[in-house]
Amino acid sequence: MPAYKFFFTILSLLACSSLSRCSQQPEKKCFTDGKVDPDECANTFNKIEFSTGDAVMAGEKNITVASGGCLIEIIATDSGAATKTDIGLAMWDVFAMCPNRFTGIVPKPAFTIYINEIKPDTPIFGSNVKLNKPFCKIKSQFKLGDVKSKDCIEAIGKIKINKASPQNILAQSRGTIETASGSCLVRIRSSNELDITLNHDQLKKMSLVITDYCKQNSGAVVQDKGAFGLNSRTEMRIFFNGKPGRN
């Protein structure tokens, strides 16, 4: 299963879970394309951060980690805590069940594990994505144009505070923020769909990392953490704020 299709599958499962529309977990199966190295996946597994008692942090429903060409996704259920031991055993269940490619899905009572190959240019977790290092001229559905750094700063300044939040976090929907001003459209998202905890000043600094490097071109940057949960990454993308069209 190509990485982009894999991400769409995960997003649909998350939406299903959050809206209580799923009556059961997916069936276990092997993927018919993509291949991973079990040793590389063991390194990927070791990147997962756990809370007290080696359990997944409460409320962290979606964990994504990657190393080299191996992507591991954990989708937690409401059937108790997912533990480090159980997740590790589930990973080896995938390897035993799918010895040709070592990629597949295995559901457990507290979670479902997905293991798949990830391509280097996959957003947020691909091996070509370096934390805090911007990359430019990203694909966009908008027409090309010059992005002005000051417009991005103004766009971020327009994001409202969620007054209902005890932490005074910024207004957002499932870890996603979109704002625009003048020539600049800014999109920010957390990898685990939990609320972004970065404030205005931190986001403005993040935007300057992009515009200082990419100048007037579209660009993106990914940083570790920046949202609730122990296993989050936060991505910011900046586009020319134009009408959709061919580039």
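Mapping of the sequence shown onto mature numbering (1 follows the signal peptide of the UniProt record, and there is no 0): residues -22 to -1, 1 to 225, in sequence order.
Glycine is no exception: its CB is placed at the ideal position from the N, C-alpha and C atoms.
At a cut-off of 3 residues, the continuous stretches assigned as beta strand (DSSP E) that sit fully inside the segment 153 to 197 are 154 to 159, 162 to 168.
Going by DSSP, A54 is part of the beta strand (DSSP E) stretching over 48 to 54.
DSSP lists C48 as the beta-bridge partner residues of S45.
Here R211 is buried, its C-beta having at least 16 other C-beta atoms within 10 Å. For S168, the closest alpha carbon among the candidates T22, I188, I41, P4 is that of I41.
Contact check between the segment 111 to 120 and the segment 191 to 200: three or more CB pairs, one atom from each, fall below 8 Å, which counts as touching.
Here DSSP, grouped into helix, strand and coil, assigns A74 to helix.
Distance from the CA of E51 to the CA of G153, rounded to the nearest whole angstrom, comes to 17 Å. When Cβ pairs closer than 8 Å are counted between the two stretches, the segment 123 to 141 is seen not to touch the segment 99 to 110, the count staying below three. Residues of the same chain with a CB within less than 6 Å of the CB of F28, apart from the 5 flanking positions on each side, are K62 in chain order.
Within the DSSP bridge table, the entry for M214 names I166, V199 as partners.
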